[in-house]
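Counted from 1, the sequence shown has number 192 at position 192 by this note's numbering; the numbering is strictly sequential. Just so it is clear, CB atoms sit at the ideal spot from N, CA and C, and this is done for glycine as well. Just so we're clear, the structure is a prediction, and the values are computed from it rather than from any experiment.
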Amino acid sequence: MKNSILLLSVVTFVACSSKKDIIENKEIQLLTQLKPIIDTLDREESNIVNDFLDFELASERYKNYKNYEIILIEEAGNVIENLLVYEYAYKDFHSYGNKATADDNERLGWILDTIQIKELKNTYKDKNECHWTSSDIRNFKVTIMKNDTLRNIINTRKYINLPEKLILHVTKPLILNSDTAFISFRLRLLGVFHSINNYTALMKKVNGKWQIRADYSDGSVE
């Protein structure tokens with residue numbers, strides 16, 4: 001009798017363990033499937049974003065906005081957006097028959113040719129959208145807001161009764177190598193329906209800090 005009870009207990013334990021393992025495996029599979037939906041930043045990408053924001057927001061052009069609240073839109077887009085702006089600027093420069101010298105390439109930031117652009121576009125065409133989180137941004141003055149929330153504020157004209165705000169759109173960086181990256185940036189005032197600053201930056205890592213070395217425009221005015 002005791003042996004029967006013991007055997008039943010073992011069978012029950014094994015069955016429960018097997019069921020638990022199956023559930024855990026399914027949960028792991030689900031998490032694996034969900035992970036690519038929202039891309040995240042690694043440490044170097046985070047350093048690029050924060051060094052860029054520190055440099056950009058310290059610019060003289062913001063002296064009249066120093067008391068404005070700074071809002072970063074949560075949706076950061078796809079890294080390929082950086083490449084598309086570079087491609088436009090590169091083709092626009094060369095469409096006039098301009099032939100860049102080595103000095104021009106250094107000064108204007110022409111670090112990729114058409115073949116390299118095409119290869120990178122194929123590599124990154126299926127990358128997922130990145131979403132900023134509060135842990136990504138070191139600047140305590142920056143608040144993250146969903147784009148839908150911003151649209152609602154604008155559509156309902158709630159911004160009329162709100163404190164003045166700077167609205168930042170920043171893409172996830174596109175890292176080309178250990179010391180070179182692209183990042184795109186758009187700035188506007190809440191309630192103003194066009195950008196007051198809009199460009200893609202070439203970032204270079206110098207002495208452990210990322211610095212803006214060139215910038216590109218796609219000619220758009222929003």
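Buried/exposed call for residue i, threshold 16 Cβ in 10 Å
i    : result
K172 : buried
G109 : buried
E45  : buried
I22  : Interpretation of I22 is limited by its pLDDT of 49, a score under 50 that renders its predicted location unreliable; no figure is taken from the coordinates.
I137 : buried
D113 : exposed
I80  : buried
I48  : buried
I38  : Reliability of the predicted coordinates at I38 is poor, the pLDDT of 46 falling under 50, and no value is obtained from them.
I196 : exposed
E24  : Confidence in E24 is poor, its pLDDT being 48 and thus under 50, which makes the residue's placement unreliable; the coordinate value appears in the next sentence. Exposed is the call here.
I115 : exposed
Y216 : buried
N105 : exposed
E119 : exposed
Y96  : exposed
Cβ-heavy atom distance, residue i to the ligand COA, below 6 Å
i    : result
L174 : The model on display carries no ligand, and the ligand COA is accordingly not part of it.
Extent of the continuous alpha helix (DSSP H) run through residue i
i    : result
K125 : Taken as a continuous stretch (DSSP letters only), K125 belongs to no alpha helix (DSSP H), as it is neither H nor E.
Y88  : 80-94
L57  : 43-57
E106 : 102-108
N147 : 147-155
C-beta atoms of residue i and residue j nearer than 7 Å
i    : j    : result
L190 : Y159 : yes
Y86  : T180 : no
S184 : N82  : yes
R213 : K205 : no
L166 : Y65  : yes
P163 : E69  : yes
N78  : K127 : yes
L41  : N139 : no
Residue i - containing beta strand (DSSP E), residue span
i    : result
I167 : 165-170
I137 : No beta strand (DSSP E) holds I137; DSSP gives it neither H nor E.
In DSSP terms, what residue i is bridged to
i    : result
F185 : V170, Y199
W210 : K205
I144 : L72
T180 : N177, K204
Y216 : T200
Neighbour flag for residue i against chain B, beta carbons, 7 Å
i    : result
A102 : Looking for chain B here will not work: only one protein chain is present.
Practice problem: State whether the stretch 127-147 contacts the stretch 176-186, with contact taken as three or more CB pairs (one from each stretch) at a distance under 8 Å. | Solution: no
Quiz item: At a cut of 8 Å, does the stretch 145-155 reach the stretch 70-85 through at least three beta carbon pairs?
Solution: yes
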